[in-house]
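A.B. asks: Numbers 322 to 726, taken from the numbering used here, label the letters of the sequence shown in order.
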Amino acid sequence: MRISQRARVMQESPIRKLAPLATAARQRGLSIYHLNIGQPDLPTPPQFLEAVARFADPVLAYGPSDGLPALREAICAYFSRYKIHLDPSQVLITNGGSEAILFAFSVVADQQEEIIVPEPFYTNYNGYAQMANLHLVPVRTHAEEGFHLPPNEVLERAVSSRTKALLLCSPNNPTGTVLTREELERAADFCLRHDLFLIADEVYKEFTYDGRQHTSVLELPEVEQRVIVVDSISKRFSACGARVGAIISRNRDVMAACLKLGQARLCPPTLEQLGAVAAYQLEEDYFAAIRREYQRRRDVLYDKLTAEPGIILRKPRGAFYMIVKMQGINDADDFAAWLLRDFAEGGETVMVAPASGFYATPGAGRDEVRIAYVLEVAKLERAAEVFLAGLAQYRALQPALTTEA
Ligand SMILES: Cc1ncc(COP(=O)(O)O)c(C=O)c1O
Numbered sequence: 322m323r324i325s326q327r328a329r330v331m332q333e334s335p336i337r338k339l340a341p342l343a344t345a346a347r348q349r350g351l352s353i354y355h356l357n358i359g360q361p362d363l364p365t366p367p368q369f370l371e372a373v374a375r376f377a378d379p380v381l382a383y384g385p386s387d388g389l390p391a392l393r394e395a396i397c398a399y400f401s402r403y404k405i406h407l408d409p410s411q412v413l414i415t416n417g418g419s420e421a422i423l424f425a426f427s428v429v430a431d432q433q434e435e436i437i438v439p440e441p442f443y444t445n446y447n448g449y450a451q452m453a454n455l456h457l458v459p460v461r462t463h464a465e466e467g468f469h470l471p472p473n474e475v476l477e478r479a480v481s482s483r484t485k486a487l488l489l490c491s492p493n494n495p496t497g498t499v500l501t502r503e504e505l506e507r508a509a510d511f512c513l514r515h516d517l518f519l520i521a522d523e524v525y526k527e528f529t530y531d532g533r534q535h536t537s538v539l540e541l542p543e544v545e546q547r548v549i550v551v552d553s554i555s556k557r558f559s560a561c562g563a564r565v566g567a568i569i570s571r572n573r574d575v576m577a578a579c580l581k582l583g584q585a586r587l588c589p590p591t592l593e594q595l596g597a598v599a600a601y602q603l604e605e606d607y608f609a610a611i612r613r614e615y616q617r618r619r620d621v622l623y624d625k626l627t628a629e630p631g632i633i634l635r636k637p638r639g640a641f642y643m644i645v646k647m648q649g650i651n652d653a654d655d656f657a658a659w660l661l662r663d664f665a666e667g668g669e670t671v672m673v674a675p676a677s678g679f680y681a682t683p684g685a686g687r688d689e690v691r692i693a694y695v696l697e698v699a700k701l702e703r704a705a706e707v708f709l710a711g712l713a714q715y716r717a718l719q720p721a722l723t724t725e726a
């Protein structure tokens with residue numbers, strides 16, 4: 322017996338694949354700064370947990386496939402703060418943003434059809450493309466340009482008769498780039514010209530810095546019927562384990578199709594939806610405090626890293642990630658493994674995610690790592706020092722490593 326081709330070709334998570342080396346490092350007594358994973362360390366709002374605890378029904382029954390009406394209404398009220406007017410029928414609650422991605426992919430494209438996506442991109446898009454049996458067609462973005470949307474001619478070259486959608490993520494994981502309104506309008510024009518859906522992953526919507534406002538594709542009237550937004554409470558309310566997200570579209574056919582997919586998996590989790598309803602009552606100052614904290618962390622990390630020669634990094638404007646390009650490194654997978662296996666400074670090391678796993682183009686990102694700044698400032702400062710010490714030592718070893726190979 323053989324497992325399916327689909328299962329065999331599925332990629333390992335670049336964020337988690339070094340976990341065995343980290344376990345071994347811990348067993349050797351090292352302490353590890355985890356810069357590899359986007360798990361926010363800020364507390365989940367108590368209002369969320371209290372709402373869950375208040376649940377008193379005698380049976381934890383199935384809920385509606387499209388989610389609890391109270392949560393769909395709360396999400397509409399939240400968007401209306403940004404002058405984005407939605408009806409609850411345009412919001413369907415999913416098991417995390419992850420399921421919203423799978424639903425979006427499944428609804429817009431048939432087998433072997435294509436979705437264009439700027440790379441590097443959130444690595445799990447690969448897994449969902451595999452599950453939905455479609456192809457992601459990458460268009461390259463570059464560290465030197467702050468990973469902004471590529472020029473039109475690059476986008477045009479990626480179009481084929483099988484293209485069904487453009488997928489954007491802003492604020493971006495893994496780059497931290499926030500697309501400007503002009504870029505989004507250019508993307509919308511592109512979708513209009515080629516009759517494509519515009520899927521936008523906006524799960525980091527609240528995480529924008531330097532006073533920048535995030536523009537949602539839901540604000541672009543000309544593509545109203547083409548837009549599908551992937552949303553989630555995981556990062557917004559530091560509630561990754563809740564598994565509550567949403568798919569949002571004003572296109573009725575899209576929402577009717579999503580409802581059928583939703584019915585097939587019965588319903589999203591009830592208790593966590595109740596928590597989310599409470600979290601959505603939080604005022605703007607909750608988000609303002611979070612933005613301040615992450616911006617401080619970004620600044621600390623950015624200043625430390627860019628003080629070092631040979632690092633290419635444009636200041637990211639959102640989310641809590643950055644892609645760090647390192648001159649003189651040509652195998653960041655090996656570098657990240659080496660940090661855990663062979664390096665320590667003062668009994669400490671760092672775990673980072675090699676960026677190659679965020680690219681679909683073979684060989685791309687081999688001189689880059691993704692760093693998540695989800696540690697408090699003092700730890701982050703130390704983690705940056707340990708990372709830079711490791712980088713200097715690894716660079717010094719490079720010629721020796723190359724000769725040995
Ligand atoms: C860009 C992006 N989209 C979607 C998700 C999925 O989030 P969740 O399924 O926890 O809502 C993540 C999680 O890290 C992400 O970074």
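Idealized CB from N, CA, C, for every residue including glycine.
For residue 696, which residues in the same chain have their Cβ closer than 8 Å to its Cβ, ignoring the five residues on either side in sequence?
C.D. replies: If we look at residue 696 and ignore the five residues flanking it on each side, its Cβ neighbours are 354, 355, 356, 362, 618, 704.
A.B. asks: Quick check on residue 460: does DSSP put it in helix, strand or coil?
C.D. replies: Residue 460 falls in the strand class under three-state DSSP.
A.B. asks: Of all the options 698, 384, 409, 536, which has the alpha carbon lying nearest to the alpha carbon of residue 614?
C.D. replies: Among 698, 384, 409, 536, the Cα nearest to that of residue 614 belongs to 698.
A.B. asks: Which residue marks the beginning of the beta strand (DSSP E) containing residue 331, and which one marks its end?
C.D. replies: It is not in any beta strand (DSSP E) - residue 331 carries neither H nor E in the DSSP assignment.
A.B. asks: Hey, is residue 588 close to ligand 1, as in C-beta under 7 Å from one of its heavy atoms?
C.D. replies: Result no, Cβ not under 7 Å from ligand 1.
A.B. asks: In this structure, how does DSSP classify residue 378 when only helix, strand and coil are distinguished?
C.D. replies: Of the three classes helix, strand and coil, the one that applies to residue 378 here is coil, per DSSP.
A.B. asks: Quick one: residues in its chain with C-beta nearer than 6 Å to the C-beta of residue 495, no 5 flanking neighbours on either side, listed in chain order?
C.D. replies: So the qualifying residues of the chain are 441, 642, 644, 679, 691.
A.B. asks: Which full runs of the beta strand (DSSP E) of 3+ residues lie inside the region 657-697, going along the chain?
C.D. replies: Listed in chain order, the complete beta strand (DSSP E) runs (minimum 3 residues) inside the region 657-697 are 669-672, 689-693.
A.B. asks: Taking the alpha carbon of residue 702 as the reference point, which residue from 626, 674, 649 has its own alpha carbon closest?
C.D. replies: Out of 626, 674, 649, 626 has the C-alpha closest to the C-alpha of residue 702.
A.B. asks: Measuring only from the beta carbon, is residue 522 closer than 7 Å to any heavy atom that is part of ligand 1?
C.D. replies: Yes, ligand 1 has a heavy atom inside 7 Å of this Cβ.
A.B. asks: Compute the Euclidean distance between the alpha carbons of residue 707 and residue 714, then round it to the nearest angstrom.
C.D. replies: One C-alpha to the other measures close to 11 Å.
A.B. asks: Give, in chain order, every unbroken run of the beta strand (DSSP E) that is at least 3 residues long and sits entirely within the region 425-507.
C.D. replies: 435-440, 456-461, 484-490, all fully within the region 425-507.
A.B. asks: Would you kindly work out how many angstroms separate the C-alpha atoms of residue 586 and residue 386, rounded to a whole number?
C.D. replies: C-alpha separation (whole angstroms): 8 Å.
A.B. asks: Look at the alpha carbon of residue 447 and the alpha carbon of residue 544, and state the distance between them as a whole number of angstroms.
C.D. replies: The alpha-carbon atoms of residue 447 and residue 544 are separated by roughly 26 Å.
A.B. asks: Ignoring anything shorter than 3 residues or poking outside the region 511-567, list the beta strand (DSSP E) runs there in chain order.
C.D. replies: 518-522, 548-553, all fully within the region 511-567.
A.B. asks: How long is the line joining the alpha carbons of residue 668 and residue 342, rounded to whole angstroms?
C.D. replies: The straight-line gap from Cα to Cα measures roughly 15 Å.
A.B. asks: Starting from the Cα of residue 406, find the closest Cα among 395, 414, 640, 560 and give me that residue.
C.D. replies: Checking every option, the nearest Cα to that of residue 406 belongs to 395.
A.B. asks: Report yes if the CB atom of residue 492 is closer than 8 Å to the CB atom of residue 631, and no otherwise.
C.D. replies: Against a cut-off of 8 Å, the Cβ pair of residue 631 and residue 492 comes out as no contact.
A.B. asks: Determine the burial state of residue 499: buried for a count of at least 16 other Cβ atoms within 10 Å of its Cβ, exposed for fewer.
C.D. replies: By the 10 Å Cβ count, residue 499 comes out buried.
A.B. asks: Whole angstroms are fine: how far does the CA of residue 431 sit from the CA of residue 573?
C.D. replies: Spanning the two alpha carbons is a distance of roughly 19 Å.
A.B. asks: Residue 365 by DSSP, collapsed to three states: which one?
C.D. replies: It is coil, neither helix nor strand.
A.B. asks: Please report the straight-line C-alpha distance between residue 541 and residue 377, rounded to a whole angstrom.
C.D. replies: For residue 541 and residue 377, the distance between alpha carbons rounds to 42 Å.
A.B. asks: Can you give me the start and stop residues for the beta strand (DSSP E) that residue 322 sits inside?
C.D. replies: Element bounds for residue 322: n/a, residue is neither H nor E.
A.B. asks: For the alpha helix (DSSP H) holding residue 399, just list the boundary residues, first then last.
C.D. replies: 390-401 is the span of the alpha helix (DSSP H), which, as asked, contains residue 399.
A.B. asks: Measure the C-alpha to C-alpha separation of residue 503 and residue 455 and round it to an integer number of angstroms.
C.D. replies: Approximately 29 Å between the Cα atoms of the pair.
A.B. asks: Kindly indicate if chain B contains any beta-carbon less than 8 Å away from that of residue 430.
C.D. replies: The structure shown contains no chain B; it is built from a single protein chain.
A.B. asks: So what's residue 338 in DSSP terms, helix, strand or just coil?
C.D. replies: Coil, per DSSP.
A.B. asks: Nearest to residue 513 by CA position, among 548, 369, 523, 582, is which residue?
C.D. replies: Ranking 548, 369, 523, 582 by Cα distance to residue 513 puts 548 first.
A.B. asks: Does DSSP put residue 724 in a helix, in a strand, or in coil?
C.D. replies: With a pLDDT of 43 at residue 724, under the threshold of 50, the modelled position of this residue cannot be trusted, and the question is left open.
A.B. asks: On the three-state DSSP scale, how would you describe residue 354?
C.D. replies: Looking at residue 354 - three-state DSSP - the assignment turns out to be strand.
A.B. asks: Return the residue from the list 621, 328, 337, 592 that minimises the CA-CA distance to residue 672.
C.D. replies: Checked all of 621, 328, 337, 592; the closest Cα to residue 672 is 337.
A.B. asks: Report whether the distance from the Cβ of residue 491 to the nearest heavy atom of ligand 1 is below 7 Å.
C.D. replies: No; taking the cut-off as 7 Å, the Cβ of residue 491 has no heavy atom of ligand 1 nearer than that.
A.B. asks: Rank 636, 592, 327 by C-alpha distance to the C-alpha of residue 468 and give the top, closest one.
C.D. replies: Comparing Cα-Cα distances from residue 468 to each of 636, 592, 327, the minimum goes to 636.
A.B. asks: In whole angstroms, give me the CA-to-CA distance for residue 723 and residue 650.
C.D. replies: A caution first: residue 723 carries a pLDDT of 49, below 50, which makes its placement in the model unreliable, though a value can still be read off. Each residue's alpha carbon lies about 11 Å from the other.
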